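First up is the structure itself, then whatever we jot down about it.
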Ligand SMILES: [Zn+2]
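Numbering (this note's numbering), first residue to last: 1 to 349.
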């Protein structure tokens, strides 16, 4: 299937009442792992690349790997998404390259570290929305600030420092016309999210539900939503790693989110853990090996297993053939004519 937009994927997910995993990539093996998992579970899928990934792999490599994925798996709806764009220029360059969806994270200033004001966030996000929609590309915004740092992007600190205010979320969605909205409910980027299994005092699912009640038709996005399972940490530590004990977002909390408007779930850390554990195992058990395929093959298989598991848990499994692709040109027409509604439905308090 040609690359589709996240707007189409998430509209379909809302109709079907499921969530779609958005998995980060930096290289060919990760893209292959995701696509094989999508094939295995018959899932639509979002592949996303951060600024760090674009720098690591270079835009043209990434883009052509995605095109190869679309060619090789014509039955799978696949969106190519920019994760955490830090400025209009970053989003513009991604759209020019062929990304079908971008995140403008205006919750931070362009340095990717300092929290921005509400007005600054609205202004830059609206600028990206106008540019993107004219070209049929979807936009994700962020209101509130995630905790932690990933790929050099993030305010650091606890996920509770700048949780999303529901009134601001409503105002932000109305002023910008974003297709989807990332909210801060206590989660953080990276492996070290929580120091114990999170309860309602640190993971604010009640706040998520409140935002969904106010914005019932807006696709919500959960960032920093790896589950960081103990089994994956254990493999790494068993073969010489030194991870400190840590907790992620339990899958059942994500499933509660999916029942309450969450349509996109970002997962990166779990895949990194799976890859590293598999490689460490080969190095520890077969130190004589030196062909990269000897450790990249099990690494890719370990990531595929985690991705397939998440696809099943988020509910996207089985939904790849529910619909056909809407072209980017037709998406642009839809935005222009108003057929693709960008004004959110706002419920009274
Ligand atoms: Zn994020």
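Heads up, the beta-carbon is just placed ideally off N, CA and C, and yes, glycines get one too. Small disclaimer: the values here were computed from a predicted structure and weren't measured.
Can you name the residues that DSSP bridges to residue i?
i	result
residue 113	Answer by DSSP bridge pairing: none, since residue 113 is not bridged.
residue 264	20, 221
residue 150	153
residue 141	104, 181
residue 162	145
residue 306	Note: residue 306 sits in no beta bridge, so no partner.
residue 4	79
residue 194	247
If I follow the unbroken alpha helix (DSSP H) through residue i, where does it start and stop?
i	result
residue 179	Careful: residue 179 lies outside any alpha helix (DSSP H) and carries neither H nor E.
residue 279	269 to 285
residue 206	205 to 214
residue 64	59 to 72
residue 33	28 to 41
residue 337	328 to 337
Is DSSP giving residue i helix, strand or coil here?
i	result
residue 83	strand
residue 288	coil
residue 99	coil
residue 188	strand
residue 298	helix
residue 131	helix
residue 324	coil
residue 238	helix
residue 342	coil
residue 93	helix
residue 123	helix
residue 349	coil
residue 258	helix
Once the 5 residues before and after residue i are set aside, which same chain residues still bring their CB inside 8 Å of it?
i	result
residue 286	294
residue 175	122, 126
Going by other Cβ atoms of all chains shown within 10 Å of its Cβ, with 16 needed for buried, is residue i buried or exposed?
i	result
residue 72	exposed
residue 200	exposed
residue 347	exposed
residue 124	buried
residue 21	buried
residue 11	buried
Name the two residues that bound the continuous beta strand (DSSP E) containing residue i.
i	result
residue 50	45 to 50
For residue i, which residues in the same chain have their Cβ closer than 6 Å to its Cβ, ignoring the five residues on either side in sequence?
i	result
residue 31	25, 65, 69
residue 274	232, 302, 303, 306
residue 342	177
residue 145	107, 115, 155, 162, 184
Can you list, in chain order, the residues of its chain with a C-beta nearer than 7 Å to that of residue i? Leave out the 5 residues immediately preceding and following it.
i	result
residue 260	208, 209, 212
residue 59	97
residue 217	344, 345
residue 27	57
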